[in-house]
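Protein chains in written order, with this note's numbering: chain A, 68 to 339; chain B, 101 to 407; chain C, 304 to 597. Have a look at the structure below, then the notes.
Now the structure itself:
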């Protein structure tokens with residue numbers, strides 16, 4: 068079949084609000100992200116459901132990661148980046164300048180493309196941030212380390228070497244440690260930016276399994292590694308294209324009965 | 101509700117921490133800047149006193165050949181002609197750079213193009229060691245080896261610009277060589293391959309392609325070496341003889357800006373012309389180091405456009 | 304001449320030039336060590352210097368060198384660390400940052416004698432510290448700051464940005480992230496830089512002759528009261544270092560065994576620089592191993 072040009076008329080898209088039976092946890096209204104003069108995100112309004120996994124898909128260059136990074140104000144750390152519009156979380160616009168970004172990031176955790184454990188022990192990787200946020204009690208820390216490692220399905224593999232360096236772990240273990248590190252802070256929302264892209268298939272499967280278990284307690288927004296991953300683990304899917312969201316619906320709907328041609332072209336592999 | 105309170109700015113210790121860290125590290129940075137500005141200000145303002153407070157004419161200072169601070173000529177002008185020192189500094193700097201240039205570029209070419217293995221195993225550590233040798237040690241060796249050698253060779257005392265040049269040559273050699281190595285390593289591999297593919301010999305490739313492509317970097321290396329030679333004080337002072345006269349040969353005692361400064365700063369009274377005129381010499385050193393800085397920047401810019 | 308012959312000749316010349324450098328180094332080292340090491344004796348290391356007679360030692364100068372090195376590192380490392388953190392983590396890309404970088408570059412290229420004279424003008428005269436360890440250490444700090452700042456900045460920059468992101472995403476401040484994650488990870492590089500700068504400080508003389516002075520008053524090594532003038536710890540006493548001693552002995556030329564003393568002292572200087580070099584490499588590697596395997 069011939070490759071058709073992708074539909075880019077934003078007015079024809081079908082962005083829906085969440086159905087009545089779901090509660091939202093975080094949403095954006097008319098969010099724009101600029102890098103200098105370049106507008107990477109061009110006014111995105113989305114609401115993410117509580118205790119569900121939402122995938123952000125789209126061809127490369129569609130600025131999914133950029134969007135994801137603005138949800139916990141990580142774009143603040145990029146020189147020359149500017150984010151306008153609203154990010155609503157717990158009834159507050161957390162994009163406002165007087166909001167304490169450190170507290171925002173504590174409640175909206177993030178896991179990155181490449182595993183980035185600290186060059187400290189496995190135990191310290193998790194306990195470190197907790198200590199810095201004021202938890203001093205050794206028992207509380209021990210328990211938090213154990214709980215989060217169990218939630219990340221890593222406990223059994225590392226419980227005997229908690230005080231060894233995290234750098235010696237395999238890539239998949241490192242990434243699950245990073246997930247454990249993020250959830251040890253008991254965030255509401257977990258943002259994951261292609262968390263399996265640097266991993267082999269077996270590690271990828273393990274991480275995906277972990278995510279499916281985590282959604283009981285956390286609301287997850289993920290930029291998946293590929294479309295298969297999105298269809299395997301997500302409940303909702305947003306289709307990004309050139310800084311716009313063209314479609315947002317239940318994952319099943321997006322993949323089987325997309326509302327617009329562009330989405331269909333993309334999910335069926337005719338584009339990107 | 102409690103977590104919402106958590107996002108209120110008033111409670112944020114992290115924000116205070118951040119402000120503290122940013123402030124303290126900025127203060128450290130500005131402290132360095134302040135030091136630089138005060139060096140420029142204090143040295144230059146004292147150096148200018150020769151002309152503003154003691155009414156020495158600029159021409160007499162820069163072109164005068166009589167250096168007898170404290171004395172005046174028949175017309176009552178102070179005898180503070182700095183030309184002998186200025187000439188001395190420039191001559192030893194240029195000559196030592198002239199000697200160091202072929203040796204260091206040759207050695208660098210050897211290390212990068214001819215035998216990288218021997219370069220890494222023998223020359224690299226040798227150069228690193230040479231960089232680390234303190235300049236007084238160079239001066240001491242100059243005094244005990246180079247000066248007697250010159251004395252035997254041409255007679256006289258052995259002190260003079262020839263001895264100074266030789267000591268400086270050895271001193272700047274490691275600096276210029278290691279910078280030349282960096283410049284040559286920065287030349288992309290495929291430049292060489294293209295030349296070999298066209299049937300060029302090793303030397304043709306080096307001469308026509310590699311050296312030409314690395315030219316800005318090599319020039320920078322030489323200018324750096326010159327800056328180091330120009331500013332070196334003790335090693336030169338120990339071997340040049342420290343006679344503030346325009347020498348008639350390379351093997352009679354002469355002087356440089358640094359050598360006269362080193363000798364006399366402690367023997368003059370603060371605020372007198374004898375003292376202030378030394379600060380004028382220091383100001384020349386300072387200005388020249390700025391000039392060397394500007395030249396390397398200029399070469400860097402030119403090279404960047406070309407490459 | 305045909306290209307083949309030119310090639311052969313040119314390569315031969317390159318061999319000669321490379322050999323020349325090795326020859327220069329070898330003869331310098333041989334000269335210093337062969338002349339210097341025979342001077343090493345119990346008296347040489349334990350006696351104070353004598354001006355007009357033979358047989359003096361270098362104990363005071365040696366102590367002064369190490370003591371001044373220690374104080375210089377103590378005062379310059381925090382400043383260099385602060386500046387390096389600012390430049391690698393906080394500095395925006397603007398004209399002020401460019402200006403700061405230019406200033407540091409200018410400082411690094413200033414002749415050390417100019418730094419010494421500035422120290423003489425400000426610390427010795429204006430601030431009234433006199434010829435003292437304090438004045439000398441401050442001058443050495445100025446001399447040391449640009450290079451140390453750059454080495455530390457490079458070490459910090461070598462730590463991947465992902466480490467910083469990890470810290471920030473956990474709700475830590477940038478300051479916490481830098482001081483508690485990036486800095487420990489960069490420690491091997493920083494340590495190497497500090498030790499290498501120690502070698503430079505140890506051998507520096509031009510910045511010291513008008514700040515720390517050219518005399519080494521007798522010290523009483525049993526007197527540890529830092530206020531007392533004969534105490535080794537007193538930072539307000541004049542303190543000729545080993546490097547200054549070599550210069551002084553040779554330019555005055557009144558010490559009868561000046562050449563021998565200088566050779567011995569030069570050998571110590573070179574061995575110290577060698578030691579610092581090896582130590583820097585060894586400790587850097589050791590620490591790196593510890594970081595990645597702990």
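Glycine residues also receive a C-beta, built at the ideal position from the N, C-alpha and C atoms. Just so we're clear, the structure is a prediction, and the values are computed from it rather than from any experiment.
Cutting at 8 Å between CB atoms, please list the residues of its own chain near residue 115 of chain A, excluding the five before and the five after it.
Residue 115 of chain A sits at position 48 when you count from the first residue of the first chain. Cβ within range, chain order: 91, 92, 93, 94, 121, 256, 286, 288, 303.
Mind pulling the chain E residues with CB within less than 8 Å of residue 343 of chain C?
Among the protein chains in the structure shown, which are A, B and C, there is no chain E.
Chain B contacts from the region 470 to 493 of chain C (Cβ-Cβ distance under 8 Å)
474, 475, 476, 477, 478, 479, 481, 482
As assigned by DSSP and simplified to three states, the class of residue 110 of chain A
Working through the first chain from its first residue, we reach residue 110 of chain A at position 43. If DSSP states are grouped into helix, strand and coil, residue 110 of chain A belongs with the strands.
Let me make sure I understand the geometry here. Which of C:333, C:539, C:491, C:519 has the alpha-carbon closest to that of residue 350 of chain C?
Reading the third chain from its first residue, position 47 is the one you call residue 350 of chain C. Ranking C:333, C:539, C:491, C:519 by Cα distance to residue 350 of chain C puts C:519 first.
Write down every uninterrupted run of the alpha helix (DSSP H) in the region 127 to 184 of chain B whose length is 4 residues or greater and which is fully enclosed by it, in chain order.
158 to 163
Between the C-alpha atoms of residue 437 of chain C and residue 538 of chain C, what's the straight-line distance to the nearest angstrom?
In the third chain, the residue the question calls residue 437 of chain C occupies position 134. In the third chain, the residue the question calls residue 538 of chain C occupies position 235. Roughly 5 Å between the two C-alpha positions.
Using the rule of at least 16 other Cβ atoms within 10 Å of the residue's Cβ for burial, across every protein chain shown, is residue 367 of chain B buried or exposed?
One-based indexing of the second chain puts residue 367 of chain B at position 267. Classification for residue 367 of chain B: exposed.
Relative to the C-alpha of residue 148 of chain B, which residue among B:226, B:383, B:400 is closest?
On the second chain, position 48 is the one that residue 148 of chain B refers to. Selected option, being the one with the closest Cα: B:383.
Taking one C-beta from the region 155 to 174 of chain B and one from the region 289 to 307 of chain B each time, how about it: are there three or more such pairs within less than 8 Å?
no
Considering only C-alpha positions, which residue in the set C:357, C:487, C:389, C:371 is nearest to residue 131 of chain B?
To locate residue 131 of chain B, count along the second chain from 1; it is residue 31. Minimum Cα distance to residue 131 of chain B is reached at C:389.
Can you name the start and end residues of the beta strand (DSSP E) that residue 94 of chain A belongs to?
Within the first chain, residue 94 of chain A is the residue found at index 27, counting from 1. Taken as a continuous stretch (DSSP letters only), the beta strand (DSSP E) holding residue 94 of chain A covers 91 to 102.
Outcome for residue 512 of chain C when other beta-carbon atoms lying within 10 angstroms are tallied against a minimum of 16
The residue given as residue 512 of chain C occupies position 209 in the third chain. Looking at its Cβ environment, which holds 16 or more other Cβ atoms inside 10 Å, residue 512 of chain C is buried.
Identity of the residue in A:133, A:193, A:155, A:275 nearest residue 295 of chain A by Cα:
Position 228 of the first chain, counting from 1, holds the residue named residue 295 of chain A. Selected option, being the one with the closest Cα: A:275.
In chain A, what lies closer than 7 Å to residue 594 of chain C by C-beta?
Working through the third chain from its first residue, we reach residue 594 of chain C at position 291. In chain order: 186.
Since residue 286 of chain A is in the beta strand (DSSP E), which residue starts that stretch and which ends it?
Locating residue 286 of chain A in the first chain gives position 219, where the first residue counts as 1. Looking at the DSSP string, the run of the beta strand (DSSP E) that includes residue 286 of chain A is 286 to 290.
Spatial distance of residue 161 of chain B from residue 372 of chain B (CA atoms)
Along the second chain, one-based indexing puts residue 161 of chain B at 61. Along the second chain, one-based indexing puts residue 372 of chain B at 272. Computed Cα separation, rounded: 16 Å.
Does DSSP classify residue 371 of chain B as helix, strand or coil?
On the second chain, residue 371 of chain B is found 271 positions in, with the first residue counted as 1. Coil, per DSSP.
Is the Cβ of residue 406 of chain B closer than 8 Å to any Cβ of chain C?
Looking up residue 406 of chain B in the second chain gives position 306. Because residue 406 of chain B carries a pLDDT of 49, less than 50, the predicted location of this residue cannot be relied on, and no value is offered for it.
Beta-ladder partner(s) of residue 160 of chain A, from DSSP:
Within the first chain, numbered from 1, the residue matching residue 160 of chain A stands at position 93. Answer is A:155.
Tell me the rounded alpha-carbon separation between residue 329 of chain B and residue 414 of chain C.
As a first step, residue 329 of chain B must be located in the second chain, where it is residue number 229. As a first step, residue 414 of chain C must be located in the third chain, where it is residue number 111. Cα-Cα distance, rounded: 9 Å.
Just checking: is the beta-carbon of residue 286 of chain A within a distance shorter than 8 Å of some beta-carbon in chain B?
If you number the first chain from 1, residue 286 of chain A lands on position 219. No, because no Cβ of chain B sits closer than 8 Å to the Cβ of residue 286 of chain A.
Contacting residues, own chain, Cβ-Cβ under 6 Å from residue 85 of chain A (five flanking each side not counted):
Stepping through the first chain from its first residue, residue 85 of chain A is reached at position 18. These residues qualify, in order along the chain: 91, 114, 116.
Measuring straight from C-alpha to C-alpha, what distance separates residue 312 of chain A and residue 111 of chain A?
For the purposes of this step, residue 312 of chain A is taken as residue 245 along the first chain, with counting starting at 1. For the purposes of this step, residue 111 of chain A is taken as residue 44 along the first chain, with counting starting at 1. One C-alpha to the other measures close to 6 Å.
In whole angstroms, what separates the C-alpha of residue 220 of chain B from that of residue 452 of chain C?
Within the second chain, numbered from 1, the residue matching residue 220 of chain B stands at position 120. Within the third chain, numbered from 1, the residue matching residue 452 of chain C stands at position 149. Cα to Cα, the separation comes out at about 27 Å.
Which two residues bound the contiguous alpha helix (DSSP H) that contains residue 233 of chain A?
Indexing the first chain from 1 puts residue 233 of chain A at position 166. First-last for residue 233 of chain A: undefined, no H or E at that position.
Quick one: is residue 120 of chain B near chain A, going by C-beta distance under 8 Å?
The residue given as residue 120 of chain B occupies position 20 in the second chain. No - not a single Cβ of chain A is within 8 Å of the one on residue 120 of chain B.
Touch check for the region 245 to 252 of chain A and the region 205 to 220 of chain A: three-plus C-beta pairs under 8 Å?
yes
Got a sec: is the Cβ-Cβ distance from residue 177 of chain A to anything in chain C below 8 Å?
Along the first chain, read from residue 1 onward, the residue named residue 177 of chain A stands at position 110. Chain C, which has a Cβ nearer than 8 Å to the Cβ of residue 177 of chain A, makes this yes.
Does the distance from the C-beta atom of residue 258 of chain B to that of residue 576 of chain C stay below 8 Å?
Along the second chain, one-based indexing puts residue 258 of chain B at 158. Along the third chain, one-based indexing puts residue 576 of chain C at 273. No, the Cβ-Cβ distance between residue 258 of chain B and residue 576 of chain C is not below 8 Å.
So, using beta-carbon positions, are residue 521 of chain C and residue 531 of chain C closer together than 8 Å?
Here residue 521 of chain C corresponds to residue number 218 of the third chain, with the count starting at 1. Here residue 531 of chain C corresponds to residue number 228 of the third chain, with the count starting at 1. Contact flag unset, no.
Output needed in chain order: residues of the region 551 to 568 of chain C with a Cβ under 8 Å from some Cβ in chain B.
553, 554, 562, 565, 566
With 16 as the cutoff for other CB atoms within 10 Å, does residue 338 of chain C come out buried or exposed?
Position 35 of the third chain holds residue 338 of chain C. Result: buried.
Neighbour-count burial assignment, residue 164 of chain A, 16 or more Cβ in a 10 Å radius
Residue mapping note: residue 164 of chain A aligns to position 97 of the first chain, counting from 1. With fewer than 16 other Cβ atoms within 10 Å, it is exposed.
Under a CB-based cut-off of 8 Å, is residue 586 of chain C close to chain A?
The residue you call residue 586 of chain C lines up with position 283 of the third chain. It does not; no Cβ of chain A falls within 8 Å.
Interface partners of residue 520 of chain C on chain A, CB under 7 Å:
Mapped onto the third chain, residue 520 of chain C falls at position 217. Ordered by position in chain A, no residue passes the 7 Å Cβ test against residue 520 of chain C, which lies about 49 Å from the chain.
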